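Below is one structure, written out as structure tokens, with a few remarks after it.
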Amino acid sequence: MKKLLPALLLCLSPIACAQTSIPKNIIMIIGDGMGPAYTSAYRYYNDDPNTPEIEQTVFDRHLVGHSSTYPASISGYITDSAAAATALATGVKTYNNAIGVDVNKMPVETVLEWAKKSGKKTGVVVTSHVNHATPASYLSHNESRTNYNQIADSYINDGIKADLILGGGWEFFIRKDRNLVAEFKEAGFHYIDRYDDLTSLPKNKPVLGLFADRGLPWAQDDTNNHRLSAMTKAAVHHLEDENGYFMLIEASQIDWAGHNNDIASAMSEMDDLAKTLEYLEHYVEHNPDTLVIVTADHSTGGFSIGKKTGYHNKEIKSKYLWQPHILRSMTMSPEAFATKFTNEKISLEQANDLLNFSISPNDMTMLTNAKEEDQKLVKQFEALSPKEQKRSSRHKHYHTVLVAIKEIIDHKTNTGWGSHPNLYLATHTAIDVPVFSFGPQSKQFAGFQDNTEIANKIFTLLGKPKAEK
């Protein structure tokens, strides 16, 4: 903190003052799984095909550096979301699966906890369930990310650390053995379970908002395609306080789309995040004491913009193609399409209408064969005894159809993946991830850094003495 004071005295212009002043509010944003290919792909997905240039996106405007993501050496070089989020939240490397604890499973203080202790308001806004790996790593301490009920319980048992929590999670908060929603209400929280209620949050009460059993629906399928943006708008205004606030925002389902090798859902989730950042650009213009930091915990799926070579379109004089216009036209996720195709009798014409692009008769045959395969698998599962069913890892009843439609979309767009094109089998990768920042002290996050350095810089901006870290 002392090192920053001379810079404040030398401030000679509003722009210089904004950059050297200490932020009152800090917003940390994590695009889960959002490696550099995702932000590049979003640029082309977002491109206006009616103009000769490719327009910059909000990510391009605020790119300042990149970050390494590796976990503690006991887990090798490739991190999971828990270890990465713990590093980003605490400045400490740990093992994969760890939630807010070090390699010895001892709790480590998070930037959110320090902000709360320092008198700031705190908030968490995510599109996963609110006790998932990333939000949990800022709010809780547990040896395993899979202890979902324990983590949810800790949000009450260990003292309430957030003044606002928005995301999914009914399954873990309203249980037979415990009703955490009721307990939050008893603690004075205002509870909501509809997006419409975001516009009328009481300023004098903390807020818990849960909008789904687990994670929220895919952005393409949700009642609000930009639900992260809507939650963020409500959150920043609710958290505004004379002492400032710290907020974690996570675009959780970019990662889920990467695991699923689902480029259509990935771009819709990226669009939701981009709209959130565009709103925050405007917010920071009017609240220049607010710092926004954006990064990813890791990259997911080995996503590549392009897969094969060959002249696929006679009108395009190139053998190297990626065709995102297919994705722009879609109005439902591949999963929603697969569900409908499986549950109903769909013709080729109807399939084209649902997808909003044309598939071939051969594609239709592949989908029909996949549907028949799923029906066989369902019958085989139903023929098992209850005990055998419990041991079975049966996929969703539309699993094969979903794999088929994603394969069709990948072929049409020429999208590549570096891992198995199956449900939730795609892996994380160890590549560095981009870092974006704007607002006061945003230059602190420029250049190459380790993910732990991001947390340590935030601790410093929050006024935590180095000796206490």
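Numbering (the working numbering), first residue to last: 880 to 1348.
The C-beta atom is built at its ideal place from N, Cα and C for all residues, glycine as well.
The structure presented is a predicted model; accordingly, all values stated were derived computationally and were not measured.
In the three-state DSSP reduction, F1182 falls in the coil class, being neither helix nor strand. A distance below 7 Å between beta-carbons, with the five flanking residues on each side excluded, links S1208 to the following residues of its chain, in chain order: N1235, F1236.
A straight line joining the alpha-carbon of F1327 with that of W1135 spans about 27 Å. The continuous alpha helix (DSSP H) containing Q1132 extends over residues 1132-1138. It is roughly 26 Å from the alpha-carbon of M1211 to the alpha-carbon of Q935. In terms of CA proximity to P1096, G1048 leads the group L1087, P1081, G1048, I1071. Inclusion of L1200 and N1293 in the CB contact set at 7 Å is warranted, their separation being smaller than that value.
By the criterion of a C-beta distance shorter than 6 Å, A1098 is surrounded in its chain by N1104, S1147, E1148, D1151, once the five residues flanking it on both sides are discounted. For T1078, the closest of G1046, A1113, A1031, E1223 by C-alpha to C-alpha distance is A1113. Secondary structure at I957: coil, using DSSP grouped into helix, strand and coil. With a cutoff of 7 Å on beta-carbon distance, A1217 and L1281 are scored as near each other. For the pair A1334 and E1223, the Cα-to-Cα distance works out to about 50 Å.
The three-state secondary structure of T973, taken from DSSP, is coil.
Taking a cut-off of 8 Å on C-beta distances, the stretch 1030-1047 does not touch the stretch 1156-1164, as fewer than three cross pairs fall below it. Around the CB of K972, 16 or more other CB atoms lie within 10 Å, so the residue is classed as buried. Residue state for K1343 is assigned as coil, using DSSP reduced to three classes. Taking a contact to require three or more Cβ pairs closer than 8 Å, the stretch 1005-1024 and the stretch 1061-1068 do not qualify as touching. Per the DSSP secondary-structure output, G998 pairs with nothing in a beta bridge.
Apart from the 5 residues on each side of it in sequence, R1106 sits with its Cβ closer than 8 Å to the Cβ of T1006, Y1074, F1090, L1095, A1098, D1151 in its chain, given in chain order. Taken in chain order, the whole alpha helix (DSSP H) runs of length 4 or more contained in the stretch 1279-1333 number zero.
For L1246, the uninterrupted alpha helix (DSSP H) run begins and ends at 1240-1261, by DSSP. According to the DSSP secondary-structure assignment, L1043 is paired through a beta bridge with G1002, V1086. When the alpha-carbon of R1054 is set against those of A1145, V1312, E1251, R1093, the nearest one is in R1093. H1165 counts as exposed, since fewer than 16 other C-beta atoms from the protein chains shown sit within 10 angstroms of its C-beta. Leaving aside the five residues that flank D926 on each side, the residues in its chain whose CB is nearer than 7 Å to its CB run, in chain order, I933, E934.
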